[in-house]
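Q: Input: one structure, supplied below.
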Amino acid sequence: MTKQIGILTAGGDSPGLNAAIRGVGKAAEGFYGMEVIGFRDGFRGLAENRTVRLGGNSLSGILTLGGTILGTSRDKPHKMVVGGKTHDMTDAIIENYESNHLDALVCLGGGGTQKNALRLAQSGLNILTLPKTIDNDVAMTDYTFGFDTAMNIATEAIDRLHSTAHSHHRIIVVEIMGHRAGWLTLGSGIAGGADVILIPEIAYDVKSVAEAIRNRVRKGKGFSIVAVAEGAVSQAHAAAREEVMSLRENATDKAEKQKAKAELAALKALEGEHTIQLAHELEELTGLEARVSILGHLQRGGTPSARDRILATRLGSACADYISQDVHGVMVACLAGETQAIPLEQVAGQRKTVPLDHPWLMAARRVGTNLGD
Ligand code: F6P
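Here our numbering = 1-based position in the sequence shown + 23.
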């Protein structure tokens, strides 16, 4: 019997999603003779049964397109706001899965999507996932698609910031995405030759950063590029956070708990402005002028790199192979260079951060990059 499969893209968009949709769809339809539909806007479209036929020409001409032709959202199946209230939409999702006679549903997404996918698999649906995100923080895969493109964009930005920093003898602090993992900042920082690289995995001491910059000035280098991850925090901030967390854990009454909660929220709000704060502090400590450049969503836009197109096509087409073999409950990954089906239980809730002995960190230290510690 002809197999029917569904595809959706969830979480933040990333370059390579369309290449992956095409990879799954063309292999499923063209090679295995399956029928393919897409759900619009992630899990919300699945809950609302908003479908689109993905066959024939609709899969052509999308390999090089950025974003996702299906649309995406950050909605969760079990906590979806509908009519102003939060609902568990799992039953509606199961109903739509069945009414579309699906044999499998492929969810393309990052860490959050892996968790949501596992919940749906545990509810009895045949789910497979693919790892996408510019953050590269999904466990059990060497790389996620989208990461390489974003790293190239951030590297080019750093290259361009160099000439203006150099001309004005300034510090340029460039903020790079990556959520709570440092892959994007570390990779583009090394490739772009940033003088300082600050990542969430290593809480930084602003005095150490200022000293590194002053050292450069002593050597006749009057400018510096500081690549800082959006999730990086100073040692002082990390210590304050730890203290409030322990207050929260040891709180004995409601009032204490609420106080700790409010303090945590205040600290979180500060995190959103930490790059600007860092630039001010560096100006004060070095006497140099500083400017801030926040790359933001530029890093997620546009055409995917060749490497991301290849990874997405490879994992997408392998996903169709697994569906044809009735394999589900897995993320289709590239681990240790091999295409593998990893049980979702081993992926969901496991953020992959930069190990402190990672070769990229070692290399950065060897070439004299300051890592803030
Ligand atoms: O997960 C991808 C990512 O771009 C992160 O790097 C960033 O923290 C987040 O998404 C931004 O989310 P949004 O697009 O919802 O603002």
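Beta carbons are placed, not taken as given, at the ideal position from N, Cα and C, and that holds for glycine.
First and last residue of the alpha helix (DSSP H) that includes Glu-306?
A: Note, Glu-306: alpha helix (DSSP H), 297–309.
Q: Tell whether a beta-carbon distance below 7 Å holds between Arg-101 and Thr-113.
A: One detail in the question is off: residue 101 reads as His in this sequence, not Arg. Yes, Cβ-Cβ distance for His-101 and Thr-113 is below 7 Å.
Q: Counting beta carbon pairs with one atom in the stretch 331–348 and one in the stretch 265–272, are three or more of them shorter than 8 Å?
A: Contact between the stretch 265–272 and the stretch 331–348 is absent, because fewer than three Cβ pairs lie under 8 Å.
Q: In the DSSP assignment, the alpha helix (DSSP H) including Ser-269 goes from what residue to what residue?
A: 258–273 is the extent of the alpha helix (DSSP H) around Ser-269.
Q: Please tell me whether, using a cut-off of 6 Å, the distance from the CB of Gly-201 to the nearest non-hydrogen atom of ligand 3 is below it.
A: Absence of ligand 3 from the depicted structure is noted, with ligand 1 being the only ligands included.
Q: In its own chain, which residues sit with a C-beta less than 8 Å from the C-beta of Leu-394, not counting the 5 before and 5 after it?
A: Cβ within range, chain order: Val-219, Ile-220, Leu-221, Ile-222, Ile-225, Tyr-227, Leu-384, Ala-387 and Arg-388.
Q: Measuring from the CB of Tyr-158, is there a heavy atom of ligand 1 at a distance below 6 Å?
A: The sequence given here places Asp at residue 158; Tyr does not occur at that position. Checking every heavy atom of ligand 1 against the Cβ of Asp-158, one is found closer than 6 Å.
Q: Can you name the residues that DSSP bridges to Leu-40?
A: Looking at the DSSP assignment, Leu-40 forms no beta bridge with any residue, so it has no partner.
Q: Cβ of Ala-233 within 7 Å of Cβ of Leu-305?
A: A contact, by the Cβ cut-off of 7 Å.
Q: By Cβ distance below 7 Å, which residues in the same chain neighbour Glu-294 in space, the five residues on each side in sequence not counted?
A: If we look at Glu-294 and ignore the five residues flanking it on each side, its Cβ neighbours are Val-256.
Q: Candidates Leu-141, Lys-244, Ile-213 and Cys-130: which alpha carbon is nearest His-191's?
A: Comparing Cα-Cα distances from His-191 to each of Leu-141, Lys-244, Ile-213 and Cys-130, the minimum goes to Lys-244.
Q: Does any heavy atom of ligand 1 sit closer than 6 Å to the C-beta of Gly-35?
A: At least one heavy atom of ligand 1 is nearer than 6 Å to the Cβ of Gly-35, so yes.
Q: May I have the straight-line CA-CA distance separating Ala-214 from Lys-108, to the nearest angstrom?
A: When rounded, the distance between both Cα atoms is 46 Å.
Q: With contact counted as at least three CB pairs below 8 Å, one residue from each stretch, are the stretch 69–81 and the stretch 363–381 in contact?
A: Cβ pair count under 8 Å is below three, so no.
Q: Rounded to whole angstroms, what is the Cα-Cα separation between Gly-79 and Thr-178?
A: Distance between the alpha carbons of Gly-79 and Thr-178 is about 37 Å.
Q: Using CA coordinates, which residue listed in Tyr-55, Gly-169 and Arg-67 is at the minimum distance from Asn-41?
A: For Asn-41, the nearest C-alpha among the options comes from Gly-169.
Q: Compare the beta carbon distance of Gly-319 and Lys-138 with 7 Å and say whether it is the shorter of the two.
A: Not a contact, by the Cβ cut-off of 7 Å.
Q: Between which two residues does the beta strand (DSSP E) carrying Lys-108 extend?
A: Looking at the DSSP string, the run of the beta strand (DSSP E) that includes Lys-108 is 108–110.
Q: In chain order, what residues of the same chain have a beta carbon less than 7 Å from the beta carbon of Leu-82, not counting five sequence neighbours either side?
A: Closer than 7 Å at Cβ, skipping near neighbours: Arg-45, Gly-48 and Lys-49.
Q: In chain order, what residues of the same chain lie with their CB nearer than 6 Å to the CB of Thr-32, ignoring the 5 residues before and after it?
A: Leu-40, Thr-91, Leu-93, Thr-95 and Leu-131, listed in sequence order.
Q: Have a look at Lys-242, Gln-300 and Ala-278 and flag the residue whose alpha-carbon is nearest the alpha-carbon of His-260.
A: Cα-wise, what sits closest to His-260 is Gln-300.
Q: For Gln-203, which three-state DSSP category applies?
A: Here the sequence assigns Arg to residue 203, which means Gln is not the residue at that position. Correct three-state label for Arg-203: coil.
Q: Under the DSSP definition of a beta bridge, which residues are partnered with Ile-365?
A: In the DSSP output, where bridge partners are listed per residue, Ile-365 has Met-354.
Q: Tell me Ile-222's beta-bridge partners as DSSP assigns them.
A: DSSP lists no partner for Ile-222.
Q: Would you list the residues sitting across from Ser-247 in a DSSP beta bridge?
A: According to DSSP, which records beta bridges pairwise, Ser-247 is partnered with Ile-194.
Q: Tell me the rounded alpha-carbon separation between Pro-38 and Asp-276.
A: So the alpha carbons of these two residues sit roughly 48 Å apart.
Q: On the DSSP bridge assignment, give the partners of Tyr-227 in chain order.
A: According to DSSP, which records beta bridges pairwise, Tyr-227 is partnered with Ser-257.
Q: Along the chain, where does the alpha helix (DSSP H) that runs through Ser-96 open and close?
A: Per DSSP, Ser-96 belongs to no alpha helix (DSSP H) and is neither H nor E.
Q: For Gly-133 versus Gly-34, is the C-beta distance shorter than 7 Å?
A: Their beta carbons are under 7 Å apart, which means Gly-133 touches Gly-34 by this criterion.
Q: Count the other CB atoms within 10 Å of the CB of Ser-328; is the residue buried (16 or more) or exposed (fewer)?
A: So Ser-328 ends up on the buried side.
Q: Taking its Cβ as the centre, do 16 or more other Cβ atoms sit within 10 Å of Arg-67, making it buried, or is it exposed?
A: Arg-67 comes out buried.
Q: Taking the C-alpha atoms as reference points, what is the distance between Ala-356 and Arg-264?
A: Straight-line Cα distance between these residues: approximately 35 Å.
Q: How should Gln-281 be labelled, buried or exposed, when 16 other C-beta atoms within 10 angstroms of its C-beta is the threshold for buried?
A: So Gln-281 ends up on the exposed side.
Q: Within this structure, are the beta carbons of Asp-158 and Gly-212 separated by less than 7 Å?
A: Result no, Cβ atoms of Asp-158 and Gly-212 do not sit closer than 7 Å.
Q: What distance in whole Å lies between the Cβ atoms of Ala-173 and Arg-323, which are believed to be in contact at a cut-off of 8 Å?
A: Indeed, because the Cβ distance is near 6 Å, the residues count as touching under 8 Å.
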